[in-house]
């Protein structure tokens, strides 16, 4: 439809592509990981030290094997999700070291928090996938925390889950644990991706050893990877968003090429949450409108390459689930969902430029996910759904409340929110004049009380627990 | 671009149109106003009692003279605005009897509040037009309140203002006062519309005497009118949104036809804030996603008729400027702006399903208006704006902060918000852990202190004051 948001022309996208190709061919991308360099060399790429140079033909070859859509299989097959094309998933916040308390103060997050978020995802009507590192738990050793998190992700929730890209070994652990659930590595390979992992470039123009190593392991096991660039315009990338798009495209295509060399057909996602520097503080702003401009362009560039796309969802710079948090989150999430992003990370809970998770914000954001799905559901426009006969029957000045059709359809035509306030002022006042974040506090208790652990083969659970114990010892 | 929000097909829009034509021809529209009935009769329309019947040919004839775009001239010509096509304006909240206090309690609004909102509009970077009845002042007599409000609107702000559709006489007063400003009725007619007034139908299928009478007066004086339908699906209209679209189209086209009979070429706007009934309370919900679905369809139907469009902006059912208010407001406002609405009413301040205005929400919503304008500003994508040379110069692992281009462009590339928080948690904590609505309290005082009354010819101001005094006596 007519849209005041910029539609990139084929010519403009080609300019971004050409610039990315130029950068890949002349400046190249540094991979701080030996196996990556070996793979590139083995495939005839020019490698100088840690820098890999790409020709357009090699990139196009990699693009030709990357799928445009894939399914992530859940251990409860009814909860499997599709990523690509018209299909999109909401995935919770990621990477927060802190929990925001209702006072606005923060405390370090723990494994209990991680488990709680697994339970919220399990009981969610709108969050489609379980996350990874939804918080960074402070009460377990950092080098084995990924084992605890993957264990919780699998045991406490039967939706698909995000994988562990913390290191080559961490990625291997994730694959091994998935293999336990699916009955061995062969069966896991046959089922296709059961995880999606987040591989970030190190802008400008690099991949760290952890990220490159994880990408190799995960692609090898046919697990899906988001390859994402998180450029801060004016700091780790050009000040112009056009320059940012070229730079991120170069980085993403380099990662994508590595994945396809490892395993042609490995599912990869064109990802970005590049954003702008705040001019007042010099820090990253992810609540700014430039983020949503990049989200829209990212969705369009991904389609240009016929790839699934990833962006952030409910992103904000605010430190409290207040009106600012909601403005910024709603803007980014709805832009992502409308414009065609397939994998919407940080769809719920994240606060303060990624620094913390808020239980209350999780519940509010989740409402927005539901509202957004409703917003995007097409209405039927047929003589039957218009029903001029009924309008004529009701006539001038009549009322529709008692029409049989109103009774019949009101529960399916109208979206029911969970706890958004629809009371009049008197009712709201009588209920204690609570802000929605205060309502969310009550709701949290109810949600966690309602949680039931999904069924799992006790042998599988024991084998997973055993794997974690052994790996911690070894 | 690809958009997951529904794009109505030509066939679907034709179905809505055909249903509206059917309703206009068979059930007709009641006009509770004698002059309206006389005008229809004089022009050969079938009129039965108060019910007027429309043929498609007569409606199409009216559509052929209605402009697709018009300019509303301000008394400060630099602040004139265009309504139609790619141009859109943000207009403040309308019709609120109450003011929401920072406690969430409400008090009755006064003329002082009205004046304060005039001052906020005058000092706004993002609100393009002054409103009318931004609050319903309780401390002046109701039958002459429109005179006080129009006087304040003109004197305290030099942006274009909304007109008074409170009654036939009220509309005439508005035109007379505008004529004082523009140097007489002939000069006013020559300058074109200087006001936009809100004419609401009385759903289903009626126009009240006040609204029909105002429409006649305003169209006669070549002042612009929004003709809007505010159907509550399931109560004052069909439960299906498709049915709502047909019903609202019939009502709007009936009003439009009257305006064009009075004055062919009179500027009219296809308007709607039809929404759904809340299933839990049975009341109107304007915070629900159905509202935004209707907003999108309204923009599309207006373009189908080649007319400017109107919807609500920052609409919410919440009674406090909290996260719920921001979610709902941001969703409706950005949908309106993206999808092509031209006249975005209630863009700032409104709370609680139209029941009150909040100063704090006004300032927060205004930020969203600014953010939305930035969001929709296209980026230049050229070799110059991409600048691969700079990216190559910075190279692998370099930084862009000290690049001359970063200094040069950072103030124009990045949107500067007014008071959205971009501090880190430590800074925010040191500042007292304020929610954005608490920051807005501080901001309000600064804004009102900054206000300066715009210059006006003392003779004009005296003549306006005299007009108001005379009309109050008479």
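Protein chains in written order, with our numbering: chain H, 171 to 644; chain A, 171 to 644.
Where is the CB? At the ideal position from N, CA and C, for every residue including glycine.
Can you find a CB in chain H that lies within less than 7 Å of the CB of residue 192 of chain A? yes
Inter-residue CB distance, residue 348 of chain H and residue 364 of chain H (contact presumed, cutoff 8 Å): 5 Å
Figure out for me which residue from A:391, A:354 and A:297 has the closest Cα to the Cα of residue 661 of chain A. The question about residue 661 of chain A has no answer, for chain A in this structure spans 171 to 644.
C-alpha gap between residue 183 of chain H and residue 471 of chain H, whole angstroms: 7 Å
Neighbouring residues, chain H, relative to residue 618 of chain A (Cβ below 9 Å): Near residue 618 of chain A there are no residues of chain H at all, since even the closest Cβ is about 20 Å away, more than 9 Å.
Just to confirm, are residue 177 of chain A and residue 171 of chain H a CB contact at a threshold of 7 Å? yes
Select from the stretch 455 to 489 of chain H all residues with a C-beta closer than 9 Å to any C-beta belonging to chain A, and list them in chain order. 455, 457, 458, 459, 460, 462, 463, 466, 467, 469, 470, 473, 487, 488 and 489
Does the beta carbon of residue 411 of chain H come closer than 7 Å to any beta carbon on chain A? yes
Please list, in chain order, the chain A residues whose beta carbon lies closer than 7 Å to that of residue 598 of chain H. 489
Verify the CB distance criterion: does residue 580 of chain A have a CB-CB separation below 7 Å to chain H? yes
Integer-rounded CB distance, given that residue 605 of chain A should sit under 8 Å from residue 492 of chain H: 4 Å
Own chain residues within Cβ distance below 6 Å of residue 376 of chain A, not counting five before or after: 200
Neighbour list for residue 611 of chain H in chain A, Cβ cutoff strictly below 9 Å: Those within 9 Å of residue 611 of chain H in chain A number zero; the least Cβ separation is about 13 Å.
Does DSSP put residue 284 of chain A in a helix, in a strand, or in coil? helix
For the stretch 390 to 414 of chain H, enumerate the residues whose C-beta is nearer than 8 Å to any C-beta of chain A, in chain order. 403, 404, 405, 406, 407, 408, 409, 410, 411, 412 and 413
For residue 372 of chain A and residue 302 of chain A, the rounded distance between their alpha carbons: 20 Å
So the candidates are A:316, A:338 and A:339; which of them puts its Cα closest to the Cα of residue 331 of chain A? A:316
Alpha helix (DSSP H) segments (min. 4 residues) lying fully within the stretch 306 to 380 of chain A: 315 to 325, 338 to 352 and 355 to 361
Measure from the alpha carbon of residue 539 of chain A to the alpha carbon of each residue in A:529, A:517 and A:522, then state which is nearest. A:517
Output the distance between the C-alpha atoms of residue 643 of chain H and residue 636 of chain H, rounded to the nearest integer angstrom. 11 Å
Give, in chain order, every residue of the stretch 439 to 453 of chain A whose Cβ lies closer than 9 Å to some Cβ of chain H. 446, 447, 448, 449, 450, 451, 452 and 453
Name the chain D residues whose beta carbon is nearer than 7 Å to that of residue 216 of chain A? Here chain D cannot be found, since the structure's protein chains are H and A.
Using only alpha-carbon positions, find the residue among A:590, A:603 and A:626 that is nearest to residue 613 of chain A. A:590
I'd like the list of long-range same chain contacts for residue 586 of chain H, defined as Cβ closer than 8 Å, with 5 residues on each side in sequence excluded. none
Alpha-carbon to alpha-carbon, residue 520 of chain A and residue 267 of chain A: 11 Å
Could you give the DSSP three-state label for residue 226 of chain H: helix, strand or coil? helix
Counting C-beta neighbours from all protein chains within 10 Å, is the total for residue 224 of chain A 16 or more, i.e. buried, or is it exposed? buried
Answer yes or no: does any C-beta atom of chain A fall closer than 7 Å to that of residue 370 of chain H? no
Is the number of C-beta pairs between the stretch 543 to 557 of chain A and the stretch 453 to 466 of chain H that are closer than 8 Å three or more? yes
Apart from the five residues on each side of it in sequence, which residues of its chain come closer than 7 Å, Cβ to Cβ, to residue 572 of chain H? none
Residue 275 of chain A - DSSP class collapsed to helix/strand/coil: coil
Using the Cβ count rule (16 or more neighbours within 10 Å means buried), how would you classify residue 480 of chain A? buried
Rounded to a whole number of angstroms, what is the C-alpha to C-alpha distance between residue 353 of chain A and residue 198 of chain A? 41 Å
Cβ neighbour criterion (16 or more within 10 Å) applied to residue 322 of chain H: buried
Going by C-alpha distance, which of A:216, A:230, A:217 and A:181 is nearest residue 647 of chain A? The question about residue 647 of chain A has no answer, for chain A in this structure spans 171 to 644.
Residue range of the unbroken beta strand (DSSP E) whose run includes residue 199 of chain A: 199 to 201
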